[in-house]
Amino acid sequence: MSEMLLNPELPGVMLRRWRQLHRVKQSHAAELFSVTQSTISRWESGLLELDTLAYKKLEKLLNARLDAAADQALARLVRESSRPVHLICDLTHRLLASSPSRAAQFASPISELLGRSLWRFATPEIIGKEFALNESGWREVFAPPALEFRTGNNDSLLVPISQSLCRWTRIPLSDGTAARLVETL
1 MSEMLLNPEL PGVMLRRWRQ LHRVKQSHAA ELFSVTQSTI SRWESGLLEL DTLAYKKLEK
61 LLNARLDAAA DQALARLVRE SSRPVHLICD LTHRLLASSP SRAAQFASPI SELLGRSLWR
121 FATPEIIGKE FALNESGWRE VFAPPALEFR TGNNDSLLVP ISQSLCRWTR IPLSDGTAAR
181 LVETL
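Numbering-wise (the UniProt record's numbering), the sequence shown opens with residue 1 and increments by one.
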């Protein structure tokens, strides 16, 4: 499976939230995934893991996209920021936009990183915070506005992370998906 959803219980939870947000019944979701309604129910309750094909379909449904004008404006604000910030898909960690000062920290051109998951560069501290997000209510309607923590270091030359104070802000997008603004403070 891909790096998208870190907690094995999360795919079913995210499927249920996607269905609720888009007012999709289990029977329709079953048609989309070419499975039975009871399979959807078992996925959502965590009794059954999604197979690889279903996982990839779910990943496509949940990927944050910057299609709407408001979402494009958000990306433009990030790209024009003088601060070291970047915008990622909240679930897949795919890079959606980056400020010039953040892009300057990367060894590869930003064009090679856009649309790719940055998860493989995460430090143990970032991984720990990521796993704690569900318990903190991060993906709920009334989520905490932001989360600040120390990042730790990684040893990547491509996307280096130095010990710093980091702020994550979850931003709902027009299509119901979410992006995460990542700031170095």
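Just so you know, even glycine gets a beta-carbon here, dropped at the ideal spot from N, CA and C. All of these numbers come straight from a predicted model, not from anything done at the bench.
Run of the alpha helix (DSSP H) containing residue i, from where it starts to where it stops
i	result
Phe33	Gln26 to Phe33
Phe131	Pro124 to Ser136
Leu15	Leu10 to Leu21
Ile40	Gln37 to Ser45
Gln163	Looking at the DSSP string, Gln163 is not in any alpha helix (DSSP H), and its letter there is neither H nor E.
Arg76	Ala69 to Glu80
Glu59	Thr52 to Leu62
With 16 other Cβ atoms within 10 Å as the buried cut-off, status of residue i
i	result
Met14	buried
Thr123	buried
Val182	buried
Ala29	buried
Arg94	buried
Trp162	The sequence shown places Ser at residue 162, not Trp. That one is exposed.
Gly12	buried
Leu173	buried
Thr52	exposed
Ile127	exposed
Ala104	exposed
Leu185	exposed
Glu112	exposed
Leu91	buried
Glu135	exposed
Per DSSP, the bridge partner or partners of residue i
i	result
Pro109	None; Pro109 has no bridge partner.
Trp168	Leu147 and Val182
Arg102	DSSP output for Arg102 lists no bridge partner at all.
His86	Ser98 and Val182
Leu114	Leu95
Presumed contact (8 Å Cβ cut-off) between residue i and residue j, rounded CB distance
i	j	result
Arg17	Ile88	Their Cβ separation, rounded to whole angstroms, is 19 Å, which puts Arg17 and Ile88 out of contact at 8 Å.
Leu96	Leu66	6 Å
Val24	Ala54	No, Val24 and Ala54 are not in contact; Cβ-Cβ is about 15 Å, not under 8 Å.
Arg167	Glu148	5 Å
Leu21	Gly176	5 Å
Asn144	Gly137	It is worth fixing the name first, because residue 144 is Pro in this sequence and not Asn. At roughly 7 Å, the Cβ-Cβ gap stays under 8 Å, so Pro144 and Gly137 are in contact.
Arg116	Ser98	About 12 Å; that fails the 8 Å criterion.
Val159	Phe121	4 Å
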